[in-house]
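J.: In full-length UniProt numbering, the protein residues as written are 1 to 329.
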Amino acid sequence: MSTPVNVVVTGAAGQIGYALLFRIASGAMLGPDTPVNLRLLEIPQAVKAAEGTAMELNDCAFPLLANIDIYDDATKAFDGANIGLLVGARPRGPGMERADLLEANGAIFKPQGEAINAGAADDIKVLVVGNPANTNALIAQANAPDVPKERFTAMTRLDHNRAIAQLAEKTGATVSDITNMAIWGNHSPTMFPDLYNAKVKGQNAFEAVGSDLDWYRETYQPTVGKRGAAIIDARGASSAASAASAAIDHIHDWVLGTPEGDWVSMAIPSDGSYGVAEGIISSFPVTCSGGEYSIVQGLEIPEFAQEKIDATVAELVGERDAVKGLGLV
Ligand code: NAX
Numbered sequence: 001m002s003t004p005v006n007v008v009v010t011g012a013a014g015q016i017g018y019a020l021l022f023r024i025a026s027g028a029m030l031g032p033d034t035p036v037n038l039r040l041l042e043i044p045q046a047v048k049a050a051e052g053t054a055m056e057l058n059d060c061a062f063p064l065l066a067n068i069d070i071y072d073d074a075t076k077a078f079d080g081a082n083i084g085l086l087v088g089a090r091p092r093g094p095g096m097e098r099a100d101l102l103e104a105n106g107a108i109f110k111p112q113g114e115a116i117n118a119g120a121a122d123d124i125k126v127l128v129v130g131n132p133a134n135t136n137a138l139i140a141q142a143n144a145p146d147v148p149k150e151r152f153t154a155m156t157r158l159d160h161n162r163a164i165a166q167l168a169e170k171t172g173a174t175v176s177d178i179t180n181m182a183i184w185g186n187h188s189p190t191m192f193p194d195l196y197n198a199k200v201k202g203q204n205a206f207e208a209v210g211s212d213l214d215w216y217r218e219t220y221q222p223t224v225g226k227r228g229a230a231i232i233d234a235r236g237a238s239s240a241a242s243a244a245s246a247a248i249d250h251i252h253d254w255v256l257g258t259p260e261g262d263w264v265s266m267a268i269p270s271d272g273s274y275g276v277a278e279g280i281i282s283s284f285p286v287t288c289s290g291g292e293y294s295i296v297q298g299l300e301i302p303e304f305a306q307e308k309i310d311a312t313v314a315e316l317v318g319e320r321d322a323v324k325g326l327g328l329v
């Protein structure tokens with residue numbers, strides 16, 4: 001068996017952490033032949049809860065789980081890290097303005113970026129889940145100047161999976177009949193799920209829904225975009241198991257590759273493709289191979305899609321400018 005991979009999970013005692021750690025340890029993320037060392041990073045007040053989760057992880061006797069360590073110090077946690085799942089973040093509190101939220105998250109993601117820069121392994125791959133995920137990833141990236149920029153990504157895979165599920169429901173297809181889904185832009189209600197390039201049983205997805213632009217605009221896009229709020233309304237708590245599952249999918253495909261002929265959505269540093277402002281961390285359709293991703297080129301973007309992509313990208317540019325103003329990037 002190979003050397004264990006060091007996987008850091010921040011916010012390990014939170015609800016996503018609880019749904020995530022057991023699946024990583026079971027081999028769902030890196031495959032059945034790769035053992036893992038789990039490193040749980042928490043704030044000091046939550047270390048005891050993380051210890052409880054670690055006890056349960058031990059009680060599962062997962063053959064692939066080589067070791068568990070718990071930290072309240074980012075520099076120590078990220079020393080030698082191969083994969084970082086940055087889940088812990090500061091939620092928006094009552095009366096909090098956007099600038100306050102960005103600043104509070106800057107206080108988390110700036111030191112974590114510095115810690116990654118200081119000691120992570122050369123092959124470090126980072127997925128930011130904690131919101132505002134795209135901009136938090138940008139903050140971490142900016143504070144890790146010695147790490148290649150493309151190693152910092154943010155999660156739009158949950159939006160991607162939600163978009164597939166809603167399309168399957170509408171068309172009566174199964175989720176495995178759906179391929180080539182893409183989410184563009186920010187992980188926020190402005191994200192754009194692309195039916196023009198997706199396929200249902202090989203057929204163009206927009207045609208498969210009867211080319212119904214009203215349904216696309218008034219029902220589909222808002223349902224996918226506001227799914228997180230609908231879950232809170234129903235469950236009384238935000239998405240946790242589905243978010244953890246999407247994080248597993250994101251890293252799994254980045255490390256082990258995407259299936260031939262298909263692609264996935266990842267928020268990655270823009271190289272200017274499709275007119276998306278260079279440098280922001282925006283979601284694109286990507287294929288992965290050999291541990292690297294590349295943006296799918298040459299897709300057709302009709303006018304309605306272009307308007308929506310422009311709007312979600314403008315939101316990201318606004319967030320980037322705000323954190324720049326705060327001196328965080
Ligand atoms: P919880 O509040 O249950 O857990 C967050 C955990 O992070 C807490 O245990 C807290 O102690 C810890 N934490 C806070 N600051 C930390 C720091 N500096 N270092 C280490 N740990 C720290 O939240 P949970 O439901 O698990 O959600 C976590 C984040 O995921 C939130 O920001 C949430 O908004 C975001 N989400 C992102 C999604 C996405 O698709 N990108 C979807 C789901 C989720 O909403």
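We put the CB at the ideal spot given by N, CA and C, even for glycine.
Any idea if residue 331 is buried or exposed, counting beta-carbon neighbours within 10 angstroms, 16 or more meaning buried?
T.: Here the chain covers residues 1 to 329 and nothing more, so residue 331 does not appear.
J.: Using only alpha-carbon positions, find the residue among Gln166, Arg90 and Ile108 that is nearest to Pro222.
T.: Comparing Cα-Cα distances from Pro222 to each of Gln166, Arg90 and Ile108, the minimum goes to Gln166.
J.: With a threshold of 7 Å (Cβ to nearest heavy atom), would Thr10 be considered close to ligand 1?
T.: Result yes, Cβ under 7 Å from ligand 1.
J.: Mind checking which residues open and close the beta strand (DSSP E) that includes Asp69?
T.: Leu65 to Tyr71 is the extent of the beta strand (DSSP E) around Asp69.
J.: Would you identify the three-state DSSP class for Lys324, choosing helix, strand or coil?
T.: Reduced to three states, the DSSP call for Lys324 is helix.
J.: How many angstroms separate the CA atom of Glu235 from the CA atom of Ala244?
T.: One detail in the question is off: residue 235 reads as Arg in this sequence, not Glu. One C-alpha to the other measures close to 16 Å.
J.: What separation, rounded to the nearest whole angstrom, lies between the Cα atoms of Glu150 and Gly106?
T.: Glu150 and Gly106: Cα-Cα distance of roughly 20 Å.
J.: If you check the beta carbons only, do Ala81 and Ala25 fall under 8 Å apart?
T.: It is not a contact, given that the beta carbons lie outside the stated cut-off.
J.: Answer yes if the stretch 187-198 comes into contact with the stretch 214-230, meaning at least three C-beta pairs across the two stretches below 8 Å, and no otherwise.
T.: Output reads yes: the stretch 187-198 touches the stretch 214-230.
J.: Kindly examine ligand 1 and report whether one of its heavy atoms sits closer than 7 Å to the Cβ of Ile43.
T.: The answer is yes for Ile43.
J.: Hey, how far is the Cα of Ala118 from the Cα of Ile16?
T.: When rounded, the distance between both Cα atoms is 27 Å.
J.: Taking Ala13 as part of the alpha helix (DSSP H), name the residues at either end of that continuous run.
T.: Counting along the chain, Ala13 falls outside any alpha helix (DSSP H), and DSSP gives it neither H nor E.
J.: Please go through the UniProt domain "Lactate/malate dehydrogenase N-terminal" (6-149) and give each complete alpha helix (DSSP H) segment of 4 or more residues, from N-terminal end onward.
T.: Whole alpha helix (DSSP H) segments, 4+ residues: 15-26, 47-59, 74-78, 98-119 and 133-142.
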